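Taking it in order: structure first as C-alpha coordinates, then the write-up.
The structure is reproduced here in C-alpha coordinates:
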(Lines of atoms letter the chains of each structure in order from A and count residues from 1; the text may use other names and numbers.)
(Lines give C-alpha, C1' and ligand atoms only; values in the text may rest on other atoms or scores of the structure.)
Protein backbone atom coordinates (compact mmCIF):
# COMPACT_ATOMS: atom_id res chain seq x y z
CA UNK A 1 0.00 0.00 0.00
CA UNK A 2 1.39 3.40 -0.94
CA UNK A 3 1.50 6.48 1.24
CA UNK A 4 -0.95 8.05 -1.24
CA UNK A 5 -3.72 5.60 -0.24
CA UNK A 6 -6.60 7.26 1.58
CA UNK A 7 -9.06 6.14 4.23
CA UNK A 8 -12.70 6.97 3.47
CA UNK A 9 -12.57 10.09 5.65
CA UNK A 10 -9.42 11.38 3.99
CA UNK A 11 -10.83 10.53 0.57
CA UNK A 12 -13.99 12.52 1.31
CA UNK A 13 -11.94 15.49 2.50
CA UNK A 14 -9.62 15.33 -0.53
CA UNK A 15 -12.62 15.22 -2.87
CA UNK A 16 -14.57 17.95 -1.04
CA UNK A 17 -17.54 15.76 -0.14
CA UNK A 18 -18.87 14.01 2.94
CA UNK A 19 -18.24 10.36 3.76
CA UNK A 20 -21.86 9.45 3.00
CA UNK A 21 -21.35 10.69 -0.58
CA UNK A 22 -18.46 8.25 -0.98
CA UNK A 23 -20.61 5.43 0.37
CA UNK A 24 -23.49 6.38 -1.92
CA UNK A 25 -21.25 6.41 -5.00
CA UNK A 26 -20.00 2.97 -3.97
CA UNK A 27 -23.56 1.63 -3.58
CA UNK A 28 -24.57 2.82 -7.05
CA UNK A 29 -21.33 1.64 -8.64
CA UNK A 30 -19.72 4.97 -9.58
CA UNK A 31 -16.64 4.17 -7.52
CA UNK A 32 -15.25 0.87 -6.38
CA UNK A 33 -15.07 -0.15 -2.76
CA UNK A 34 -11.62 -1.53 -1.97
CA UNK A 35 -11.26 -4.85 -0.18
CA UNK A 36 -11.28 -4.54 3.58
CA UNK A 37 -8.05 -5.85 5.08
CA UNK A 38 -8.17 -8.35 7.94
CA UNK A 39 -7.18 -5.55 10.29
CA UNK A 40 -7.63 -1.83 9.85
CA UNK A 41 -9.42 0.32 7.32
CA UNK A 42 -10.06 0.18 3.62
CA UNK A 43 -7.64 2.30 1.63
CA UNK A 44 -8.61 4.08 -1.57
CA UNK A 45 -6.13 5.00 -4.29
CA UNK A 46 -5.56 8.72 -4.84
CA UNK A 47 -7.20 8.57 -8.28
CA UNK A 48 -10.52 7.80 -6.53
CA UNK A 49 -10.51 11.40 -5.24
CA UNK A 50 -10.07 12.58 -8.84
CA UNK A 51 -13.00 10.42 -9.89
CA UNK A 52 -15.25 11.81 -7.13
CA UNK A 53 -14.29 15.39 -8.10
CA UNK A 54 -15.12 14.50 -11.72
CA UNK A 55 -18.55 13.23 -10.63
CA UNK A 56 -19.28 16.35 -8.56
CA UNK A 57 -18.14 18.70 -11.35
CA UNK A 58 -20.27 16.85 -13.90
CA UNK A 59 -23.27 17.16 -11.55
CA UNK A 60 -22.64 20.91 -11.28
CA UNK A 61 -22.79 21.06 -15.07
CA UNK A 62 -26.21 19.41 -14.96
CA UNK A 63 -25.34 15.82 -15.83
CA UNK A 64 -27.42 13.13 -14.13
CA UNK A 65 -25.70 10.24 -12.38
CA UNK A 66 -26.65 7.94 -15.28
CA UNK A 67 -25.08 10.38 -17.76
CA UNK A 68 -22.01 10.61 -15.54
CA UNK A 69 -21.79 6.82 -15.55
CA UNK A 70 -21.70 6.98 -19.36
CA UNK A 71 -19.00 9.65 -19.30
CA UNK A 72 -16.92 7.61 -16.88
CA UNK A 73 -17.22 4.58 -19.14
CA UNK A 74 -15.69 6.52 -22.03
CA UNK A 75 -11.96 6.52 -22.31
CA UNK A 76 -10.05 9.66 -23.30
CA UNK A 77 -9.96 8.59 -26.95
CA UNK A 78 -13.75 8.61 -27.42
CA UNK A 79 -14.20 12.34 -27.74
CA UNK A 80 -17.07 12.03 -30.23
CA UNK A 81 -19.16 10.12 -27.69
CA UNK A 82 -18.38 12.63 -24.95
CA UNK A 83 -19.22 15.47 -27.34
CA UNK A 84 -22.57 13.81 -28.15
CA UNK A 85 -23.42 13.60 -24.43
CA UNK A 86 -22.38 17.22 -23.93
CA UNK A 87 -24.46 18.34 -26.95
CA UNK A 88 -27.52 16.54 -25.55
CA UNK A 89 -26.98 18.23 -22.19
CA UNK A 90 -26.63 21.62 -23.91
CA UNK A 91 -29.97 21.07 -25.67
CA UNK A 92 -31.62 20.17 -22.36
CA UNK A 93 -30.15 23.25 -20.70
CA UNK A 94 -31.45 25.43 -23.56
CA UNK A 95 -34.94 24.04 -23.07
CA UNK A 96 -34.70 24.64 -19.33
CA UNK A 97 -33.57 28.24 -19.94
CA UNK A 98 -36.54 28.80 -22.27
CA UNK A 99 -38.91 27.44 -19.63
CA UNK A 100 -37.33 29.67 -16.98
CA UNK A 101 -37.64 32.71 -19.26
CA UNK A 102 -41.34 31.93 -19.76
CA UNK A 103 -41.71 31.63 -15.99
CA UNK A 104 -39.90 34.94 -15.55
CA UNK A 105 -42.31 36.61 -17.98
CA UNK A 106 -45.32 35.15 -16.16
CA UNK A 107 -44.03 36.45 -12.82
CA UNK A 108 -43.43 39.89 -14.35
CA UNK A 109 -47.01 39.98 -15.65
CA UNK A 110 -48.29 38.96 -12.21
CA UNK A 111 -46.24 41.66 -10.48
CA UNK A 112 -47.39 44.31 -12.96
CA UNK A 113 -50.98 43.25 -12.31
CA UNK A 114 -50.31 43.69 -8.59
CA UNK A 115 -49.09 47.23 -9.18
CA UNK A 116 -52.28 48.04 -11.13
CA UNK A 117 -54.54 46.27 -8.60
CA UNK A 118 -57.68 48.18 -7.77
CA UNK A 119 -59.05 48.38 -4.26
CA UNK A 120 -61.39 45.54 -3.42
CA UNK A 121 -59.91 43.14 -5.95
CA UNK A 122 -58.15 39.97 -4.95
CA UNK A 123 -54.38 39.88 -5.15
CA UNK A 124 -53.42 39.00 -8.75
CA UNK A 125 -50.41 36.95 -7.66
CA UNK A 126 -52.49 34.84 -5.29
CA UNK A 127 -55.27 34.49 -7.87
CA UNK A 128 -52.80 33.34 -10.52
CA UNK A 129 -51.26 30.81 -8.16
CA UNK A 130 -54.63 29.31 -7.27
CA UNK A 131 -55.41 29.02 -10.93
CA UNK A 132 -57.80 31.87 -11.66
CA UNK A 133 -56.30 32.43 -15.11
CA UNK A 134 -59.37 34.29 -16.45
CA UNK A 135 -58.78 37.22 -14.10
CA UNK A 136 -55.04 37.12 -14.86
CA UNK A 137 -55.72 37.16 -18.62
CA UNK A 138 -58.14 40.09 -18.23
CA UNK A 139 -55.56 42.03 -16.22
CA UNK A 140 -52.85 41.30 -18.78
CA UNK A 141 -55.12 42.64 -21.54
CA UNK A 142 -56.20 45.66 -19.48
CA UNK A 143 -59.83 44.53 -19.30
CA UNK A 144 -61.92 45.21 -16.17
CA UNK A 145 -61.98 42.51 -13.55
CA UNK A 146 -64.94 41.60 -11.34
CA UNK A 147 -64.61 42.87 -7.80
CA UNK A 148 -64.46 40.40 -4.93
CA UNK A 149 -67.73 39.99 -3.09
CA UNK A 150 -67.46 40.40 0.67
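Residue numbers (the numbering used here): 90 to 239.
Where is the CB? At the ideal position from N, CA and C, for every residue including glycine.
Remember, predicted model here, so these are calculated numbers, not experimental data.
With DSSP collapsed to three states, give me the class of residue i.
i, result
"residue 113", "helix"
"residue 95", "strand"
"residue 123", "coil"
"residue 239", "Low confidence applies here, because residue 239 scores a pLDDT of 44, under 50, leaving its location unreliable and the question unanswered by this model."
"residue 83", "Since the displayed the chain opens at 90 and closes at 239, residue 83 lies outside it and no answer follows."
"residue 102", "helix"
"residue 107", "coil"
Could you tell me which of the options sits nearest to residue i, measuring between CA atoms?
i, options, result
"residue 155", "139, 174 and 138", "174"
"residue 114", "148, 216, 199 and 127", "148"
"residue 99", "144, 135, 210 and 166", "135"
"residue 117", "137, 105 and 158", "158"
"residue 142", "164, 111 and 126", "111"
"residue 195", "213, 123 and 180", "213"
"residue 203", "216, 125 and 130", "216"
"residue 106", "200, 218, 146 and 190", "146"
From the DSSP output, read off the bridge partner residues of residue i.
i, result
"residue 133", "95"
Is the beta carbon of residue i sitting closer than 8 angstroms to the one on residue j?
i, j, result
"residue 251", "residue 133", "Absent from the model: residue 251. The displayed extent of the chain is 90 to 239, so no value can be given."
"residue 119", "residue 144", "yes"
"residue 151", "residue 182", "yes"
"residue 104", "residue 138", "yes"
"residue 140", "residue 97", "no"
Report whether the distance from the Cβ of residue i to the nearest heavy atom of the ligand HEM is below 7 angstroms.
i, result
"residue 108", "As presented, the structure is devoid of all ligands, the ligand HEM included, so that no description of it is given."
**beta strand (DSSP E) runs wholly inside the segment 139-199, at least 3 long, in chain order** = none
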